[in-house]
Amino acid sequence: MAADEAERRSGINWKNGKRRKHMDKIQMAKGKLARGPLPAMFNSKHYQQVEAFHQTLKQYAPTPLINLSKLAEKLGIQAILVKDESHRFGLNAFKALGASYAVHRYLEQHPHTQPVFVTTTDGNHGKGVAWAALQAGCRAEIFMPKGTVASRVQAIEALGNAKVTVTEWGYDDTVRWTRDYAQRNGYVLVQDTVLEDYHEIPQNIVLGYTTMIREVVQQIEEQALAKPTHVFLQAGVGSMAGGVLGWLADTLKAEMPVASIIEATDSACVFASCPQGKLVSKAGITPTIMAGLNCGEVNPDLFPVLRDYAAFYFACVDEVTEAGMRQYADPLAGDTAIVAGESGAVGLGLLLSLCQDDQYQTMKQALGLDEHSVVLLLNTEGATDPDDYRRVVGRDPQTVGK
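In terms of the UniProt record's numbering, the sequence shown opens at residue 1 and continues consecutively.
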């Protein structure tokens with residue numbers, strides 16, 4: 001394994017013989033819950049349009065909502081509900097929900113065209129864009145930041161319609177370069193964050209993600225499950241977290257659950273921005289195995305939602321998500337095994353720490369986690385880096401649950 005790859009996976013900086021150390025495994029900040037106006041994109045007409053489109057896709061089916069009842073009992077809470085997006089469209093992650101809707105809307109507005117779609121990705125979003133382009137008979141060009149593992153490159157290339165390039169920059173600088181590249185070549189940028197004079201496509205991506213939470217609400221009703229009192233949402237640029245949070249605020253209003261935003265410590269831009277009420281960049285090449293969360297600049301259009309409707313913000317080191325990955329893979333007897341990747345498992349890892357580690361009791365109490373709590377988690381990806389999954393869990397993802 002190359003030295004820079006070992007550093008990225010371990011969270012250790014070996015330069016000058018010094019080891020990186022985080023002050024805290026988990027950091028928490030409280031939200032202000034100002035509940036200001038929501039962006040105009042959050043309305044029932046848009047949700048209905050998204051639902052109608054996704055249901056036209058032959059690959060569409062709701063992903064499972066799994067009740068980890070035995071683990072909930074052990075942790076002293078009422079229920080743990082997991083939306084398992086590793087099954088989405090056979091792509092191992094939720095991201096194609098947003099990419100497919102954005103591509104659909106663009107082609108709807110530009111009929112009789114066959115553009116090249118381009119994007120920057122840590123893996124899952126780019127795979128979603130390439131897949132969406134493939135469904136439309138189009139090509140894609142995908143740019144990935146320095147440190148991207150080969151398996152994520154190969155997963156996109158395997159679709160057959162995409163050229164993949166790994167750059168020498170971190171995620172946020174690669175996004176800016178990709179935008180310039182698209183403009184120079186007349187290609188269509190499908191990026192899940194807002195840039196200058198670039199709003200419509202990111203907003204359509206965000207709306208595409210709302211299918212996930214709409215399915216959850218329907219499944220809770222169909223399965224006669226208790227309604228969530230808490231929801232844990234992972235964030236990179238915050239488009240998924242902000243999309244789900246905005247839908248909850250618009251649809252459930254005062255009945256929405258207590259929402260916590262979870263990030264990787266070194267790139268925790270939402271954590272740095274929202275409590276201060278202003279955008280703070282954490283851009284750069286930051287080491288974490290949570291590649292899908294390794295983004296250092298908040299989507300500005302979602303910042304008001306994340307600032308005004310999240311109750312708590314958490315920054316977690318890799319150790320937290322590794323614990324979640326192992327727990328998902330080796331559940332208590334009677335619970336369902338789940339393959340969760342590095343960016344998908346951090347919510348469960350955080351919940352385990354809050355409920356089992358005495359040093360986080362103050363955080364647990366602040367959230368109000370008790371025997372009446374129903375916690376909704378989103379497993380946003382499966383084993384998108386099989387080698388690292390084997391390192392963490394100790395076996396192949398294909399053997400989990402067997």
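We treat Cβ as the ideally placed atom computed from N, Cα and C, and that holds for glycine.
Beta-carbon proximity check, residue i vs residue j, cutoff 8 Å
i	j	result
residue 209	residue 97	yes
residue 310	residue 260	yes
residue 161	residue 132	no
residue 171	residue 295	yes
residue 376	residue 217	no
residue 256	residue 249	yes
residue 152	residue 385	yes
residue 102	residue 275	no
residue 258	residue 367	yes
residue 66	residue 370	no
residue 140	residue 381	no
residue 346	residue 234	yes
residue 63	residue 87	yes
residue 229	residue 374	yes
residue 198	residue 116	no
residue 264	residue 293	yes
Candidates the options, of which the one nearest residue i by Cα
i	options	result
residue 387	150, 311 and 354	150
residue 266	252, 287, 256 and 251	287
residue 337	400, 365, 143 and 122	400
residue 334	73, 102 and 58	73
residue 157	373, 128, 176 and 170	128
residue 39	203, 184 and 137	203
residue 327	285, 68, 36 and 24	68
residue 211	120, 199, 52 and 176	52
residue 43	154, 116 and 207	207
residue 109	24, 130 and 200	200
residue 418	264, 214 and 219	Past the boundaries of the shown model lies residue 418; the chain is included only from 1 to 402, so the question cannot be answered.
residue 304	324, 285, 277 and 283	277
residue 343	324, 395, 363 and 329	324
residue 89	58, 221, 104 and 197	58
residue 61	219, 253 and 178	219
residue 121	105, 87 and 167	167
residue 91	50, 145 and 154	154
residue 341	374, 175, 373 and 392	392
residue 364	312, 330 and 395	312
residue 79	31, 402, 372 and 395	372
Cut-off 6 Å between Cβ atoms - residues of its own chain near residue i, not counting five sequence neighbours on either side
i	result
residue 413	With the chain running from 1 to 402 in the structure shown, residue 413 is simply not present.
residue 378	83
residue 165	143
residue 182	118 and 189
residue 238	270, 298, 299, 302 and 306
residue 273	279, 280 and 298
residue 100	132
residue 389	383 and 397
Close-in-space but distant-in-sequence residues of the same chain around residue i (CB under 8 Å, 5 per side omitted)
i	result
residue 8	With a pLDDT of 40 at residue 8, under the threshold of 50, the modelled position of this residue cannot be trusted, and the question is left open.
residue 34	307 and 308
residue 21	Model confidence at residue 21 stands at a pLDDT of 47, short of 50, so the residue's coordinates are unreliable and nothing is read from them.
residue 137	114
residue 353	25, 26, 320, 323 and 360
residue 178	118, 119, 120, 143, 189 and 191
Enclosing beta strand (DSSP E) for residue i [first to last residue]
i	result
residue 81	79 to 84
residue 345	Per DSSP, residue 345 belongs to no beta strand (DSSP E) and is neither H nor E.
residue 28	26 to 30
residue 231	230 to 234
residue 379	374 to 379
residue 260	258 to 264
residue 165	162 to 166
residue 144	140 to 144
Sequence-distant residues of its chain with Cβ nearer than 7 Å to residue i (five each side left out)
i	result
residue 350	26, 232, 262, 314, 316 and 320
residue 332	70, 71 and 74
residue 194	202, 299, 300 and 301
residue 130	140, 142, 156, 159, 161 and 162
residue 242	206, 299, 302, 305 and 306
residue 145	122, 167, 169, 170, 171 and 174
residue 46	207
Bounding residues of the alpha helix (DSSP H) (the contiguous stretch that carries residue i)
i	result
residue 44	44 to 54
residue 156	150 to 157
residue 201	200 to 222
residue 329	318 to 329
residue 41	Residue 41 -> no alpha helix (DSSP H), and no H or E assigned at all.
residue 240	239 to 251
residue 182	171 to 185
residue 290	Note, residue 290: premise wrong, no alpha helix (DSSP H); not H, not E.
residue 280	Neither: residue 280 is in no alpha helix (DSSP H) and is coded neither H nor E.
residue 361	361 to 367
residue 272	269 to 273
residue 306	303 to 309
Residue-level contact to chain C via CB, residue i, 8 Å cutoff
i	result
residue 316	In the structure shown, chain C does not exist; there is a single protein chain.
Contained alpha helix (DSSP H) runs [length at least 4] in the segment 65 to 132, N- to C-terminal order: 69 to 75 and 96 to 109
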